[in-house]
Amino acid sequence: RERRACLAKLVKNRLTLTQRCVTHLMRNVAGRIHRKDDQRKAREAMKAVFAQKSPVLVRACYQEATEEVLKISRAAGNVLLEAEEAALAYLAFPATHRTKIRTNNVQERANREIKRRTRVVQGFPSRESLIRLVGAALIEADEEWSARCVISRPSLAHAWKAQEREAPGEAEVLAAREAARKIIGSAIDPKEDEG
1 RERRACLAKL VKNRLTLTQR CVTHLMRNVA GRIHRKDDQR KAREAMKAVF
51 AQKSPVLVRA CYQEATEEVL KISRAAGNVL LEAEEAALAY LAFPATHRTK
101 IRTNNVQERA NREIKRRTRV VQGFPSRESL IRLVGAALIE ADEEWSARCV
151 ISRPSLAHAW KAQEREAPGE AEVLAAREAA RKIIGSAIDP KEDEG
């Protein structure tokens, strides 16, 4: 019973979130901005967000970057607003896992392998032959990544305890917001830092 309750809690709290690849998020935001200089500003703001280590500071920087991007382009800002929960899902995990799960490298690699293998075949005789080829590529990719053991069991045990952490205090949130203004401001306009 206890295991079932833990599994239900995990599904409710963890598996409802999906991690959005931050690299693709940056591309999607930049794609909604017309001027090259404004694209650069948005990219630099987002790079500054994801360079931070503290979850409280990352969230504060994300909100600040979203406000700045909204000033540049409502469409680009809306992408950030809609993606916030999915883009920051990785923060629920231990710091050692965050860089491994915030991008979508496994899927990207699998997609490249599928493209590589299907390009050499001019035409597939049947749908089943295509499925067999793609399935074989995916099985091979799965075996390759499974052998690497990217995330260890002991560090996973720590992840389950993540939900039990205390929420940040008001003073910590206010300090993070102030730091975020400076971080995002200097990312968007590096001259601000010099003056």
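Numbered by our numbering, the letters in the sequence shown go through residues 1 to 195 in order.
All C-beta atoms in this analysis are idealised placements derived from N, C-alpha and C, irrespective of residue type, glycine included.
Three-state secondary structure assigned by DSSP to residue i
{"i": "C21", "result": "coil"}
{"i": "D37", "result": "helix"}
{"i": "G169", "result": "coil"}
{"i": "K47", "result": "helix"}
{"i": "V59", "result": "A small correction: the amino acid at residue 59 is Arg; Val does not occupy that position in the sequence shown. In the structure shown, R59 sits in a helix (DSSP, three-state: H, G or I)."}
{"i": "A180", "result": "helix"}
{"i": "S54", "result": "coil"}
{"i": "R27", "result": "helix"}
{"i": "M153", "result": "Residue identity differs from the one stated: residue 153 is Arg in this sequence, not Met. Note: R153 maps to helix in three-state DSSP."}
{"i": "Q163", "result": "In this prediction, Q163 scores a pLDDT of 49, lower than 50, which makes its location untrustworthy; the coordinate-derived value is nonetheless stated afterwards. Looking at Q163 - three-state DSSP - the assignment turns out to be helix."}
Beta-carbon separation (whole angstroms), residue i vs residue j, contact threshold 8 Å
{"i": "A187", "j": "A60", "result": "A187 to A60, Cβ: 13 Å. No contact."}
{"i": "A76", "j": "R117", "result": "36 Å between Cβ atoms; not a contact."}
{"i": "Q39", "j": "A30", "result": "4 Å"}
{"i": "A180", "j": "L57", "result": "7 Å"}
{"i": "A141", "j": "A110", "result": "4 Å"}
{"i": "V22", "j": "F50", "result": "5 Å"}
{"i": "R27", "j": "A83", "result": "Their Cβ separation, rounded to whole angstroms, is 12 Å, which puts R27 and A83 out of contact at 8 Å."}
{"i": "P55", "j": "L81", "result": "About 19 Å separates the two Cβ atoms, so there is no contact after all."}
{"i": "I184", "j": "E64", "result": "4 Å"}
{"i": "E113", "j": "A137", "result": "5 Å"}
{"i": "E68", "j": "A45", "result": "6 Å"}
Problem - alpha helix (DSSP H) runs contained entirely in the region 63-148, provided each spans 4 or more residues - result: 74-87, 95-101, 105-119, 127-148
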